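Visitor:
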Ligand SMILES: Nc1ncnc2c1ncn2[C@@H]1O[C@H](COP(=O)(O)OP(=O)(O)OP(=O)(O)O)[C@@H](O)[C@H]1O
Ligand SMILES: [Mg+2]
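Numbering (the UniProt record's numbering), first residue to last: 1 to 376.
#1: Does the distance from the CB of residue 6 to the CB of residue 338 come in under 8 Å?
#2: Please report the Cβ distance between residue 45 and residue 12, rounded to the nearest whole angstrom; I am assuming they are in contact, meaning their Cβ atoms lie under 8 Å.
#3: Does the structure place the stretch 272-292 close enough to the stretch 24-36 that three or more beta carbon pairs sit under 8 Å?
#4: Suppose the cutoff is 6 Å on Cβ atoms and the five residues either side in sequence are ignored; what does the same chain contact list for residue 103 look like?
#5: For residue 20, write down the residues that DSSP places opposite it in a beta bridge.
#6: Roughly how far, in whole angstroms, is the beta-carbon of residue 79 from the beta-carbon of residue 43, given that I think they are within contact range, below 8 Å?
#7: Which whole-angstrom value is the C-beta distance of residue 255 and residue 22, which I expect to be below 8 Å?
#8: Mapping the DSSP letters down to three states, classify residue 278 as helix, strand or coil.
#9: In the stretch 100-145, which residue ranges form an unbroken alpha helix (DSSP H) of at least 4 residues, counting only runs that do not cross its ends?
#10: In the DSSP assignment, the beta strand (DSSP E) including residue 51 goes from what residue to what residue?
#11: In terms of DSSP beta bridges, what is residue 368 paired with?
#12: Taking any heavy atom of ligand 2 as the mark, which residues have a C-beta closer than 7 Å to it, listed down the chain?
#13: What do you reckon, are the CB atoms on residue 374 and residue 355 nearer than 8 Å?
#14: When you compare each of 35, 106, 99 and 97 to residue 76 by their alpha carbons, which one comes out closest?
#15: Considering only residues of the same chain and omitting the five flanking positions on each side of residue 376, which have a CB-CB separation below 7 Å?
#16: Please report the Cβ distance between residue 133 and residue 164, rounded to the nearest whole angstrom; I am assuming they are in contact, meaning their Cβ atoms lie under 8 Å.
#17: Considering only residues of the same chain and omitting the five flanking positions on each side of residue 259, which have a CB-CB separation below 6 Å?
#18: Among 312, 311 and 327, which residue has its Cα nearest to the Cα of residue 304?
#19: Might you give, ordered along the chain, the residues of its own chain that have their beta carbon closer than 6 Å to the beta carbon of residue 331, omitting 5 neighbours on each side?
#20: Does the Cβ of residue 371 have 16 or more other Cβ atoms within 10 Å, making it buried, or fewer, making it exposed?
#21: Three-state secondary structure (DSSP) at residue 195?
#22: Hey, how far is the Cα of residue 105 from the Cα of residue 347?
#23: Out of 89, 298 and 335, point me to the one whose CA is closest to residue 265's CA.
#24: Taking 7 Å as the line, does the beta carbon of residue 358 fall inside it for any heavy atom of ligand 1?
#25: So who's on the other strand from residue 258, going by DSSP bridges?
#26: Is the beta carbon of residue 166 sitting closer than 8 Å to the one on residue 52?
#27: Quick one: is the Cβ of residue 103 within less than 7 Å of any heavy atom of ligand 1?
#28: What does the Cβ neighbour count give for residue 318, buried or exposed, with the cut at 16 atoms within 10 Å?
#29: Thinking C-beta only, is residue 156 closer than 8 Å to residue 54?
#30: If you follow the alpha helix (DSSP H) that residue 337 is part of, which residue opens it and which one closes it?
#31: So what does DSSP say about residue 88, is it helix, strand or coil?
#32: According to DSSP, is residue 309 helix, strand or coil?
#33: In the structure shown, what three-state DSSP assignment does residue 13 receive?
#34: Is residue 26 near ligand 1, going by C-beta to nearest heavy atom under 7 Å?
#35: How big is the Cα-Cα spacing for residue 257 and residue 340?
#36: Along the chain, where does the alpha helix (DSSP H) that runs through residue 360 open and close?
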């Protein structure tokens, strides 16, 4: 049983496709794939494309002209779009800046200044788990709302689990309007009575625990922060919901990226199940860093046997070594193909493409062009 082949060029040239989301486990090649797809969409298919990258390797960022983290798309120059008239723009997500922008859009300048000054906000906007995922979605929403792009290619954060990308926004908005925070908010509503007196009165033991865990100062900061954010609760949730709906729309195509390793494949399978459950459009699987099997070559067993015979005769040691390397590569390719069936067996109708492992890291436009061609 072989999975249908993913038609990457068909996807990139389809005018009804406006968003491609590259997701997968950590380190599998999401950023590389997103950048390569963006480049190909612009160069080959003439689309006005923006790539939203998250934490790209420094050399890759530099090669796309992304030298500053300024949270706006930059025109990527020096690529070959003359023939098709496409354009490539690229940006790196600045999580803190995006969070600041959201705050500014939802409140008065005075309130915004208070929020920015709050230590809890400062910590949360740069380190809270899930903030990066939330802000990636937020930025995607902004880019889509502008309607300035034919195609938006989205990279996803280097999370431990691919599912974090879908879970984090809901987790964050639950946190922001969660029960505990509502309680902490109470003093602001009752005209500045101490957070402790109020919380202690109604939730004695509970608040002691909270104080012990969080520390008194943090609790004060937190309460001020939440008071300031109060006017924005609806805004946060509403925007997360909106972006979620965009992700369910047929204009969006999810591409799962996986390396031919058991964990990455398992992660991809969980994610695929989740996409189906959320009715989000899964376009295909990218098996990255594969070692392709050469068809019609010498089999692994034959080359090992030949190497053994050469060993016995004692000469031609180099040839014997080459045969063994050949055999090892073939065995690796077989192993990888076996691992990949962990996904394709469970999702036989999901189209798949594979990309060969390159001899070196992909950090320039030429490298991205090669990956794009392999994808297609
Ligand atoms: N097909 C390939 N051949 C060789 N190197 C590759 C290939 N694909 C990706 N790489 C390299 O592997 C490294 C990780 O790739 P990349 O940054 O795209 O992964 P990622 O999924 O975005 O990782 P993270 O989860 O940390 O964001 C990079 O150095 C990249 O150049
Ligand atoms: Mg990445």
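Just so it is clear, CB atoms sit at the ideal spot from N, CA and C, and this is done for glycine as well. Since the model is a prediction, treat every value here as computed from it, not as a measurement.
Guide: According to the data block:
#1: no
#2: 5 Å
#3: yes
#4: 112 and 115
#5: 153 and 253
#6: 6 Å
#7: 5 Å
#8: coil
#9: 109-117 and 119-127
#10: 48-53
#11: DSSP lists no partner for residue 368.
#12: 30, 31, 54, 55, 56, 155 and 158
#13: yes
#14: 35
#15: 8, 9 and 40
#16: 6 Å
#17: 28, 288 and 289
#18: 327
#19: 300
#20: buried
#21: Confidence at residue 195 is low in this model, with a pLDDT of 42, below 50, so its placement is unreliable and the value that follows should be read with caution. Three-state result, residue 195: helix.
#22: 42 Å
#23: 335
#24: yes
#25: 287
#26: no
#27: no
#28: exposed
#29: yes
#30: 317-344
#31: strand
#32: helix
#33: helix
#34: yes
#35: 12 Å
#36: Careful: residue 360 lies outside any alpha helix (DSSP H) and carries neither H nor E.
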